[in-house]
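In what follows, a structure is listed as structure tokens, so that the remarks can point back to it.
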Amino acid sequence: MLPFEKGTRILLRKTVDRYANLDSLRLPKNQDQVRVVSYKGGILLLAVIVPKAIEQRVSIKVTEDFLLVSYSSHQGEKYLSYYASLSLNYLLCKGDSADFQEFY
Numbered sequence: 049m050l051p052f053e054k055g056t057r058i059l060l061r062k063t064v065d066r067y068a069n070l071d072s073l074r075l076p077k078n079q080d081q082v083r084v085v086s087y088k089g090g091i092l093l094l095a096v097i098v099p100k101a102i103e104q105r106v107s108i109k110v111t112e113d114f115l116l117v118s119y120s121s122h123q124g125e126k127y128l129s130y131y132a133s134l135s136l137n138y139l140l141c142k143g144d145s146a147d148f149q150e151f152y
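Numbering (the numbering used here), first residue to last: 49 to 152.
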């Protein structure tokens, strides 16, 4: 659960970095690693492909106050997985924030 800025559906990069326990600006910049698979029932499904690894799936759901993130590779509940971090970095593009209102 990643909190949005209060009263908005805006996710800040610094929030992602805090929950990922790494600096998202240091992640690979290859946008081809992440692709949108589908958007159904309010769930955005992304595929993440890392060289020499099995494709992983990341699901994202926007709620009123949080961005819910689920992924196929188990990393534990305290921190985002590397794959989830790559996906969120993709959605943030090069900005410091992203508005998820369109997915609400």
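Idealized CB from N, CA, C, for every residue including glycine.
Just so we're clear, the structure is a prediction, and the values are computed from it rather than from any experiment.
Quick check: what's the CA-CA separation for residue 111 versus residue 139? The sequence position of residue 111 within the sequence shown is 63, counting from 1. The sequence position of residue 139 within the sequence shown is 91, counting from 1. Cα-Cα distance, rounded: 17 angstroms.
Inset, instruction - Return helix, strand or coil for residue 98, following the three-state DSSP convention. - result: Sequence index remark: in the sequence shown, residue 98 carries index 50 (1-based). Here residue 98 sits in coil by DSSP.
TODO: Under 6 angstroms Cβ to Cβ from residue 83, same chain only, skipping five residues before and after it: list those, please.
DONE: For this step, residue 83 is matched to residue 35 along the sequence shown. If we look at residue 83 and ignore the five residues flanking it on each side, its Cβ neighbours are 95.
Quick one: what does DSSP say residue 151 is sitting in, helix, strand or coil?
-> Locating residue 151 in the sequence shown gives position 103, where the first residue counts as 1. Helix, per DSSP.
Residue 66 versus residue 93 - alpha carbon distance
For this step, residue 66 is matched to residue 18 along the sequence shown. For this step, residue 93 is matched to residue 45 along the sequence shown. C-alpha separation (whole angstroms): 23 angstroms.
- Query: Near residue 59, what residues of its chain come up, given a Cβ to Cβ distance below 7 angstroms and the 5 sequence neighbours on each side ignored?
  - Reply: Working through the sequence shown from its first residue, we reach residue 59 at position 11. Here the set comprises 50, 52, 115, 145, 146 and 148.
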